[in-house]
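Asker: The structure that follows is given in the form of structure tokens.
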Ligand SMILES: Cc1cc2nc3c(=O)[nH]c(=O)nc-3n(C[C@H](O)[C@H](O)[C@H](O)COP(=O)(O)OP(=O)(O)OC[C@H]3O[C@@H](n4cnc5c(N)ncnc54)[C@H](O)[C@@H]3O)c2cc1C
Ligand code: SF4
Ligand code: SF4
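Chains as they are written, first to last, in our numbering: chain A, 12 to 425; chain B, 4 to 532.
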């Protein structure tokens with residue numbers, strides 16, 4: 012054990028993995044997560060195994076890392092927290108602001124009564140894993156008590172007396188010997204594309220679909236809560252797009268979308284699935300086999316549709332150029348799934364300013380890819396804050412960052 | 004304590020690992036069948052021994068104390084090391100036969116073009132008669148970003164530095180690598196022409212004079228075209244090094260179906276193998292770009308540092324073989340996924356290698372292997388009926404679910420957390436791996452009044468013990484056969500697969516099972532019915 016302390020900003024896969032590795036080396040970690048829940052985007056993903064066989068999407072590994080992190084004695088977790096100021100004078104002095112923690116993580120026993128009884132939609136947020144502790148959070152924008160004190164049902168009904176709606180925010184000052192930025196990515200917001208996201212009820216993103224599958228195991232059309240008859244996936248939404256100046260492939264969307272398509276086809280075989288794409292990217296060691304399998308289950312169309320229209324019955328009309336007939340076809344789908352890309356984390360710029368990090372033209376943080384330890388300043392990065400990566404790559408990046416930090420700090424016995 | 008690490012490899016990844024470990028003051032042995040070491044080491048804080056012209060002969064022992072035997076010029080070398088890192092290079096196989104082509108002066112493999120371009124930085128007149136160059140990329144077989152990058156780089160050089168016309172004929176263009184979409188745009192801007200095939204394939208003819216003609220239908224305009232390149236560059240398949248097969252066999256570590264040293268199993272992320280203390284990094288485990296090799300090197304160094312830190316603790320409650328009972332049938336030796344069982348004068352378990360999966364104990368025909376808290380007797384003590392009867396039915400079945408600790412136990416807890424209602428008579432019995440479930444465990448459950456028994460295991464390819472789930476399925480299948488013969492309802496025993504994040508599916512599975520058992524009624528094996 013050493014008295015070295017590392018501040019990790021961002022509690023996604025990258026931050027969790029790096030925390031666990033450093034903690035196992037006997038280094039203290041303070042893990043600062045902005046949202047109410049650890050795990051980042053990937054904690055919401057569904058298992059996409061088909062034929063009782065794992066397809067190596069990596070989602071369950073995030074569960075495992077989260078489990079290891081929350082039970083590790085060397086890791087101090089601050090959820091709902093953000094770094095406000097960092098100054099360096101030998102060590103880093105970091106000012107952290109933590110939102111009110113209305114639900115006491117020690118007391119909450121995950122009984123769900125608060126969430127069942129709350130009259131305001133979206134006021135009680137829930138996590139995705141049993142290792143999201145507490146499993147619930149209160150959304151100040153929707154909570155009626157925090158608006159006008161008109162309701163306190165959850166507080167009154169909680170059998171564990173775990174809810175205190177008068178909780179105030181708090182401030183922490185942390186002294187750190189190194190800082191790791193692992194703030195992840197911003198999922199591309201498809202509202203600006205002509206696909207009707209946010210406008211038409213039955214247009215979802217792949218992120219929405221991942222969560223739907225994790226929650227309910229089956230896909231439903233939002234407008235009527237019934238299984239759709241026809242689904243279209245559109246790939247590269249916000250990726251490989253020169254108009255947006257997004258000159259990158261997000262690397263993970265083909266895998267995520269095709270695995271979900273295959274899973275849906277297995278669980279709900281009556282659903283027809285079409286898949287619109289530019290190039291299918293290789294993912295996983297078993298790609299060739301999986302790809303053959305999926306081509307039998309899913310209709311693959313190498314074209315990206317133009318504008319989307321909603322019909323009177325809330326279905327979606329798509330126009331696209333059919334390769335085999337060279338004609339423009341018009342087809343109707345019940346559900347449209349947009350395969351959204353990975354874009355730079357919103358807070359990158361601010362953090363880069365605080366920590367002297369370089370931003371690439373793309374907006375991602377330039378990673379230190381060189382072999383030597385060019386990290387004299389004690390600031391490190393890991394995960395998708397550097398650019399698109401899948402879960403295994405993110406884990407590897409976090410392991411490498413943990414090693415670089417260890418080399419930099421040289422704890423006892425090193 | 005021995006803190007030496009043995010590295011197999013002679014390329015950039017091995018080099019980077021060595022530098023990393025030396026910088027942390029660790030002692031190294033680097034072994035390679037090559038005659039010379041292809042890199043030199045700049046750090047000298049740890050000690051390093053270099054064994055060239057050396058091949059591995061055997062590896063015994065376990066993490067912290069591997070006993071390595073190697074051969075150098077017919078001489079045996081013995082070393083003791085704490086950990087092993089495999090960091091072999093990959094190699095390339097040219098895909099001539101896929102395209103019906105043979106190598107010639109105008110049909111060349113990709114690596115040759117890369118070499119030519121290296122030379123060309125000195126001699127720009129290297130392509131005198133050449134006007135058109137065609138690259139064939141993943142048309143009949145899926146390519147990967149490593150090859151795609153090399154092709155795009157070469158095409159860009161030819162197009163912009165040599166003023167040649169270049170064509171890339173491809174099915175799916177693999178741009179899922181760092182900076183590859185930007186490179187793709189750059190090549191297009193420079194004038195590289197992409198011809199993409201989806202439903203059709205080009206016809207490639209070699210004429211009698213050796214020239215190449217490529218005929219194809221443009222999929223967008225559906226017009227027929229003919230291309231007559233002066234040079235045709237054929238892509239390559241990335242395969243493991245020649246040494247990989249020997250290494251994996253002798254070290255007892257699993258490979259993927261292509262022979263790369265790392266099973267296709269998410270539990271091996273990032274640089275782990277089935278054997279504790281043996282790591283695998285870089286292109287020895289997966290097709291990998293250069294930048295990622297440096298990342299892997301950091302992970303291998305980290306894994307070896309953590310290994311040393313972890314060895315201090317003496318592992319508890321590992322498998323133990325009762326030598327009075329053991330008949331040396333070697334079932335355990337063959338079945339242990341972690342190679343924890345070694346043969347000396349006796350069959351023994353190496354405690355530092357044993358992961359406590361329980362497969363050996365369940366498989367041993369003599370019941371000679373014991374693991375504390377996993378014995379059928381101690382497990383059956385947990386099988387107590389929940390005493391909340393169902394409100395809506397006369398009969399509340401007692402259901403025993405043997406759940407793998409890594410998957411089903413987690414899924415069950417998530418299920419409750421998500422607010423799903425589980426059968427009131429359900430009893431979850433946590434086991435480290437479903438491979439530890441023997442006949443005796445399942446019979447014990449029925450003897451303890453279970454109306455139904457479920458074995459909930461990991462998906463195929465997701466078992467930390469690789470085969471534990473398969474063994475569990477076999478055990479269930481054999482008992483099911485028995486039930487059929489004796490006329491006992493086989494529906495009372497079921498095996499299903501889950502992952503830790505499948506809370507909803509867990510609830511569905513156990514509820515469906517409960518409904519089946521309610522239909523069947525109480526088990527006839529139940530006492531005091
Ligand atoms: C639709 C979709 C599907 C995908 N499917 C797969 C898949 O099947 N398999 C796969 O391998 N990969 C998949 N991926 C990629 C996967 O999501 C990423 O590899 C992974 O989430 C990266 O983890 P991360 O920790 O880098 O970032 P994130 O998951 O984004 O986590 C970053 C964390 O940092 C927090 N944070 C942000 N800013 C701050 C701040 N200022 N202060 C404190 N905390 C902050 C965030 O709240 C978040 O919790 C998918 C991606 C998408 C978009
Ligand atoms: S498919 Fe994904 S979540 Fe499911 S077991 Fe495999 S890696 Fe885990
Ligand atoms: S319990 Fe598992 S790991 Fe341990 S010796 Fe037996 S089979 Fe091997």
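Glycine is no exception: its CB is placed at the ideal position from the N, C-alpha and C atoms.
The structure displayed is predicted, hence computed values, not measured ones.
Return no unless some Cβ of chain B is closer than 8 Å to the Cβ of residue 105 (chain A).
Answerer: For the purposes of this step, residue 105 (chain A) is taken as the residue at position 94 of the first chain. Any Cβ of chain B closer than 8 Å to the Cβ of residue 105 (chain A) would place that residue at the interface, and such an atom is absent.
Asker: Tell me, please, which residues DSSP counts as bridged to residue 566 (chain B).
Answerer: As displayed, chain B neither begins before 4 nor continues past 532, which places residue 566 (chain B) out of reach and without an answer.
Asker: According to the Cβ coordinates, are residue 80 (chain B) and residue 90 (chain B) closer than 8 Å?
Answerer: Locating residue 80 (chain B) in the second chain gives position 77, where the first residue counts as 1. Locating residue 90 (chain B) in the second chain gives position 87, where the first residue counts as 1. No, the Cβ-Cβ distance between residue 80 (chain B) and residue 90 (chain B) is not below 8 Å.
Asker: Could you confirm whether any beta carbon from chain A is found closer than 8 Å to the beta carbon of residue 413 (chain B)?
Answerer: Taking the first residue of the second chain as 1, we reach residue 413 (chain B) at position 410. By this cut-off, residue 413 (chain B) is an interface position.
Asker: Could you give the uninterrupted runs of the alpha helix (DSSP H) lying entirely in the stretch 166-228 of chain A, keeping only those of 4 residues or more?
Answerer: Correct list: 217-227.
Asker: Just the Cα atoms here: how many angstroms apart are residue 61 (chain A) and residue 277 (chain A)?
Answerer: Numbered from 1 along the first chain, position 50 holds the residue referred to as residue 61 (chain A). Numbered from 1 along the first chain, position 266 holds the residue referred to as residue 277 (chain A). Each residue's alpha carbon lies about 7 Å from the other.
Asker: Note down the Cα distance separating residue 455 (chain B) from residue 486 (chain B), rounded to an integer number of angstroms.
Answerer: Here residue 455 (chain B) refers to the residue found at position 452 when the second chain is read from its first residue. Here residue 486 (chain B) refers to the residue found at position 483 when the second chain is read from its first residue. Approximately 13 Å, taken between the alpha carbons.
Asker: On the criterion of 16 or more Cβ atoms from any shown chain inside 10 Å, does residue 338 (chain B) qualify as buried, or is it exposed?
Answerer: Residue 338 (chain B) sits at position 335 when you count from the first residue of the second chain. Burial call: buried.
Asker: Would a check of beta-carbon distances place residue 183 (chain B) closer than 8 Å to chain A?
Answerer: For the purposes of this step, residue 183 (chain B) is identified with residue 180 of the second chain, where counting begins at 1. Answer yes: the Cβ-Cβ gap between residue 183 (chain B) and chain A drops below 8 Å somewhere.
Asker: Whole angstroms are fine: how far does the CA of residue 363 (chain B) sit from the CA of residue 318 (chain B)?
Answerer: Here residue 318 (chain B) refers to the residue found at position 315 when the second chain is read from its first residue. Here residue 363 (chain B) refers to the residue found at position 360 when the second chain is read from its first residue. Inter-residue distance for residue 318 (chain B) and residue 363 (chain B) is about 17 Å (C-alpha atoms, whole angstroms).
Asker: Measuring from the CB of residue 52 (chain A), is there a heavy atom of ligand 2 at a distance below 7 Å?
Answerer: Counting from one through the first chain, the residue named residue 52 (chain A) turns up at place 41. Outside the cutoff, so no.
Asker: Does the CB of residue 257 (chain B) have a neighbour CB from chain A at under 8 Å?
Answerer: The count along the second chain starts at 1 and reaches residue 257 (chain B) at position 254. Taking Cβ atoms only, chain A never reaches closer than 8 Å to residue 257 (chain B), which makes this a no.
Asker: Just by C-beta distance, which residues in the stretch 444-476 of chain B are closer than 8 Å to chain A?
Answerer: Taking 8 Å as the Cβ-Cβ cut-off against chain A, the residues of the stretch 444-476 of chain B that qualify are 461, 462, 463, 464, 465.
Asker: Can you list the residues of chain A that residue 272 (chain B) reaches, using a CB-CB cut of under 7 Å?
Answerer: Counting from 1 along the second chain, the entry for residue 272 (chain B) is found at position 269. Correct list: 72, 403, 406.
Asker: Are the stretch 245-265 of chain A and the stretch 357-371 of chain A touching by the rule of at least three beta carbon pairs closer than 8 Å?
Answerer: Here the stretch 245-265 of chain A does not lie against the stretch 357-371 of chain A, with fewer than 3 beta-carbon pairs under 8 Å apart.
Asker: Output the residues surrounding ligand 2, defined as those with a CB atom closer than 6 Å to any ligand heavy atom, in chain order.
Answerer: A:58, A:59, A:60, A:65, A:66, A:67, A:68, A:69, A:70, A:71, B:269, B:462, B:465, B:502, B:504
Asker: Just checking my contact of residue 98 (chain B) with residue 5 (chain B) at CB under 8 Å: how many whole Å lie between their CB atoms?
Answerer: Taking the first residue of the second chain as position 1, residue 98 (chain B) is located at position 95. Taking the first residue of the second chain as position 1, residue 5 (chain B) is located at position 2. Not confirmed; about 45 Å, so no contact.
Asker: With a threshold of 8 Å, are at least 3 pairs of Cβ atoms found where one atom belongs to the stretch 355-362 of chain A and the other to the stretch 251-263 of chain A?
Answerer: no
Asker: Under 8 Å, CB to CB, which of the residues in the stretch 17-50 of chain A have a partner in chain B?
Answerer: 32, 35, 36, 37
Asker: DSSP state of residue 148 (chain A), grouped into three classes?
Answerer: Position 137 of the first chain, counted from the start, is the residue given in the question as residue 148 (chain A). Note: residue 148 (chain A) maps to strand in three-state DSSP.
Asker: If we count Cβ pairs, one from each stretch, closer than 8 Å, do we get three or more for the stretch 311-320 of chain A versus the stretch 332-345 of chain A?
Answerer: yes
Asker: Give me the chain B residues within the contact set of residue 128 (chain A), using Cβ-Cβ distance strictly less than 9 Å, ordered along the chain.
Answerer: Mapped onto the first chain, residue 128 (chain A) falls at position 117. Simply none; closest approach about 13 Å.
Asker: Any idea if residue 384 (chain B) is buried or exposed, counting beta-carbon neighbours within 10 angstroms, 16 or more meaning buried?
Answerer: Walking along the second chain from the start, residue 384 (chain B) turns up at place 381. Burial call: exposed.
Asker: Thinking just about the alpha-carbon of each residue, which of B:361, B:411, B:100, B:298 is nearest to the one in residue 440 (chain B)?
Answerer: In the second chain, residue 440 (chain B) corresponds to position 437, counting from 1. That would be B:361, whose Cα lies nearest to the Cα of residue 440 (chain B).
Asker: Using a Cβ cut-off of 8 Å (strictly closer), state whether residue 150 (chain B) contacts chain E.
Answerer: Chain labels in this structure do not include chain E; the protein chains are A and B.
Asker: Return helix, strand or coil for residue 17 (chain B), following the three-state DSSP convention.
Answerer: One-based indexing of the second chain puts residue 17 (chain B) at position 14. Here residue 17 (chain B) sits in helix by DSSP.
Asker: What whole-angstrom Cβ distance do residue 539 (chain B) and residue 402 (chain B) have, given they're in contact under 8 Å?
Answerer: Here chain B covers residues 4 to 532 and nothing more, so residue 539 (chain B) does not appear.
Asker: Against chain B, with Cβ distances strictly below 8 Å, would residue 230 (chain A) count as a contact?
Answerer: Within the first chain, the letter at position 219 stands for residue 230 (chain A). No, its Cβ sits nowhere closer than 8 Å to a Cβ of chain B.
Asker: Among A:85, A:46, A:169, A:218, whose alpha-carbon lies nearest the alpha-carbon of residue 37 (chain A)?
Answerer: One-based indexing of the first chain puts residue 37 (chain A) at position 26. Residue A:85 is the option with its Cα nearest to residue 37 (chain A).
Asker: If we count the other Cβ atoms within 10 Å of its Cβ and call it buried at 16 or more, is residue 356 (chain B) buried or exposed?
Answerer: As a first step, residue 356 (chain B) must be located in the second chain, where it is residue number 353. With 16 or more Cβ atoms within 10 Å of its Cβ, residue 356 (chain B) is classed as buried.
Asker: Any idea if residue 400 (chain B) is buried or exposed, counting beta-carbon neighbours within 10 angstroms, 16 or more meaning buried?
Answerer: The residue you call residue 400 (chain B) lines up with position 397 of the second chain. Buried, by the Cβ-count rule.
Asker: Leaving out the 5 sequence neighbours to the left and right, which residues in its chain are closer than 6 Å to residue 423 (chain B) when beta-carbon positions are compared?
Answerer: Taking the second chain and counting its residues from 1, one reaches residue 423 (chain B) at position 420. Cβ neighbours of residue 423 (chain B) beyond the five flanking positions: 510.
Asker: Identify every run of the beta strand (DSSP E) within the stretch 15-97 of chain B, keeping only runs that are complete inside it and at least 3 residues long; order them along the chain.
Answerer: 30-34, 51-54, 57-65, 68-75, 78-84, 86-89, 93-97
Asker: On the criterion of 16 or more Cβ atoms from any shown chain inside 10 Å, does residue 392 (chain B) qualify as buried, or is it exposed?
Answerer: Position 389 of the second chain, counting from 1, holds the residue named residue 392 (chain B). Exposed, since its Cβ has fewer than 16 Cβ neighbours within 10 Å.
Asker: Taking the beta strand (DSSP E) that residue 430 (chain B) falls in, what are its first and last residues?
Answerer: The residue you call residue 430 (chain B) lines up with position 427 of the second chain. Its beta strand (DSSP E) spans residues 429-434.
Asker: Starting from the C-beta of residue 413 (chain B), find all residues in its chain whose C-beta is less than 7 Å away, skip the five residues before and the five after it, and write them out in chain order.
Answerer: Along the second chain, read from residue 1 onward, the residue named residue 413 (chain B) stands at position 410. Answer for residue 413 (chain B): 503, listed in chain order.
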